[in-house]
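A.B. asks: The UniProt record's numbering puts the first residue of the sequence shown at 1, with every later residue one more than the last.
By construction, the Cβ of each residue, glycine as well, lies at the ideal position given by its N, Cα and C atoms.
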Amino acid sequence: MVSTRDVVASFSEYGTNIYDLKVKDIMSKDLITVSPNDDVNHVVRIMLMNNIGGIPVVDNNAIVGIFTEREVLKLVASSMFSGLVDSVMSSNIVSIGEENTILEAAKLMAMNNVRRLPVFSKDNKLIGIITAADIVKYLAKNKNIGKVLDAGTKNPITISRYYSILNAAKLMIEKRIGTLPVMENQKLVGIVTERDLMYAYINIV
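(1) What are the boundary residues of the alpha helix (DSSP H) that includes Val43?
(2) Just tell me which of Leu73, Ile93, Ile127 has its CA closest to the CA of Val114.
(3) Quick one, which of Ile96, Met183, Thr158, Asn185 has its alpha-carbon nearest Lys175's?
(4) In three-state terms, what does DSSP make of Thr33?
(5) Using a 10 Å radius around the Cβ and a threshold of 16 neighbouring Cβ atoms, would you call Asp196 buried or exposed?
(6) Give me, in chain order, the residues of the same chain whose beta-carbon lies closer than 8 Å to that of Val43; leave out the 5 immediate sequence neighbours on both sides.
(7) Find out if the Cβ-Cβ distance for the pair Ala169, Ala9 is shorter than 8 Å.
(8) Taking 8 Å as the threshold (C-beta atoms), are Met1 and Leu73 in contact?
(9) Is the CB-CB distance between Pro6 and Ile32 below 8 Å?
(10) Is the beta carbon of Tyr162 less than 8 Å from the beta carbon of Leu75?
(11) Give the secondary structure of Arg5 by DSSP, where H, G and I count as helix, E and B as strand, and everything else as coil.
(12) Closest by CA to Asn124, which one among Ile46, Asn142, Ile63, Leu188?
(13) Can you check which of these residues, Leu180, Ile177, Glu184, Asn167, is closest to Ser79 by C-alpha distance?
(14) Quick check on the burial criterion: 16 or more other C-beta atoms within 10 angstroms. Buried or exposed for Asn51?
Laid out in structure tokens, this is it:
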């Protein structure tokens, strides 16, 4: 199985030479799987423990589906959980500047084991987000190494620390995004990701 994290890690190491690699060179070899009858709570804990965003569902030695963070997000959005994002957001933020390249972003992601980087302007204002998925999509269409916002999202949707976890999950689903920067007094104080909401789900059930 090849994940966005696998591709970004390989890109961070090989740069544009990644196009010379084969799938077997970058794929995850120790594949973790679950069965259709496994408890969702158990599956979520496996994903969190192994730091993976998706897990194949296998029945009779055949893959019948993939359970991802997005499925957990839907469960959170349909819950009655009343907590605020302030309680689950990540406040230790790894960021990058607009002048940096996607290769530098990939190296930063691999070094810090993250999949999302807020992008700041030269005058220290939040102007975008670049994700591992953005880098993979960019590499599928381009062989040159562009700047981070050639691949990332400009002017990202933001929320306050007093936004509810329930509404954050609904907003991610509605906008088809996996990250929400948390702002206070026009400054970035945290980010909420699908992974953060998975931890919230564990506390719900």
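C.D. replies: According to the data block:
(1) That run of the alpha helix (DSSP H) goes 40-50.
(2) Ile93
(3) Taking only the C-alpha atoms, the option nearest Lys175 is Thr158.
(4) If DSSP states are grouped into helix, strand and coil, Thr33 belongs with coil.
(5) buried
(6) Val34, Ile55, Phe67
(7) no
(8) Result no, Cβ atoms of Leu73 and Met1 do not sit closer than 8 Å.
(9) Inspection of the sequence shows that residue 6 is occupied by Asp rather than by Pro. No, these two residues do not count as a Cβ contact at 8 Å.
(10) In this structure, Tyr162 keeps its C-beta atom at 8 Å or more from the C-beta atom of Leu75.
(11) Arg5: helix per DSSP, three-state reduction.
(12) Leu188
(13) Nearest Cα to Ser79 within the set Leu180, Ile177, Glu184, Asn167: Asn167.
(14) exposed
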